[in-house]
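Numbers -12 to 228, taken from our numbering, label the letters of the sequence shown in order. To start, the structure under review is shown below, and the notes come after it.
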Amino acid sequence: MKLYDEVIAHINETLSAYQAKTLPVGETNWSDVGKAKMILRSEMAYELGGDRLPALGSTIVTNSQDLVPQDEIVLYGLDLPEISKDQPYARITFVRTDESAMGEGNDLYNAIHRIEYFRYHVFPEGFMMRVSAASERECVRVGSEALDKGLDFAKIGNFMIDALHVHKDVQAVKVIFVTLPEADYDSLREDYKMTKKITDTIDHMLKDVNMDCNSCSLQEVCDEVEGMKELHFGISHNSLA
Ligand code: SF4
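Spelled out as structure tokens, the structure:
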């Protein structure tokens, strides 16, 4: 499945303009506090993506070993202990999966969704993700007490890697954090929108029996993304079989 590979390549190209820091991958070693634990304004040190700054969270699936060779955490910009006020923020996660295990049609769509939804099921201490699907934002409240205990992006990255490896189809995960003020968040947001369009198109293919590309409202996406049409005609063929 190469559907999202061009988006990943474009994100890599955008980020290649900035200096990356690779963070250690290993044991998570950080508490899971569960959904009920809120960080109040009075308890937070700052907000990533707060005060209407860019705030982006994206999870993208690939089967390419070249794009995601192993588990990895990369940071562009300041790490959590170095930040003292609200910052722009992006969390981009590339997830390599086993193509044969992902299945086709509904199975594929559901597998992609399960992986994308991991962000609703991770609750690291002192790092409260606030996801708004409507405004397509992912902000984070960072707790003062957790920073005193040593919270940093390496701990959060490892926490996310472990949460994604719970899915049996996941083979490797690359977590990218961006806090650089000068990073091109507009370009990263466009890539996020393209990712969403591709997933929405897969959903449409499953629900709509229209097989005429010339009269289909999704033709633009399917013309642009390699493998999209093959996926639709493959889905239809299999559902008829
Ligand atoms: S393959 Fe053709 S019919 Fe199917 S969603 Fe794409 S444009 Fe529409």
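Don't be surprised by glycine CBs; every beta carbon is placed ideally from N, CA and C. From a predicted model like this one, the values you see are computed outputs, not experimental measurements.
{"Item": "Inter-stretch contact at 8 angstroms, needing at least 3 Cβ pairs: the stretch 37 to 48 / the stretch 93 to 105", "Value": "yes"}
{"Item": "Residue burial classification, Q6 (beta-carbon count within 10 angstroms, cutoff 16)", "Value": "exposed"}
{"Item": "The ligand SF4 heavy atom lying under 6 angstroms from the CB of H229", "Value": "Residue 229 lies beyond the range of the chain shown here (-12 to 228); nothing can be said about it."}
{"Item": "Contact check, L138 vs Q74, beta carbons under 7 angstroms", "Value": "no"}
{"Item": "Rounded straight-line distance, which links the Cα of K180 to that of P168", "Value": "21 angstroms"}
{"Item": "Which residues DSSP lists as bridging E125, in chain order", "Value": "V118"}
{"Item": "Residue interval of the alpha helix (DSSP H) (run including A133)", "Value": "131 to 135"}
{"Item": "The beta strand (DSSP E) enclosing K22, as first and last residue numbers", "Value": "Neither: K22 is in no beta strand (DSSP E) and is coded neither H nor E."}
{"Item": "Three-state class that DSSP yields for V55 in the structure shown", "Value": "coil"}
{"Item": "Where A88 sits in the DSSP three-state scheme", "Value": "helix"}
{"Item": "Helix, strand or coil at P11 according to DSSP, with G and I counted as helix", "Value": "coil"}
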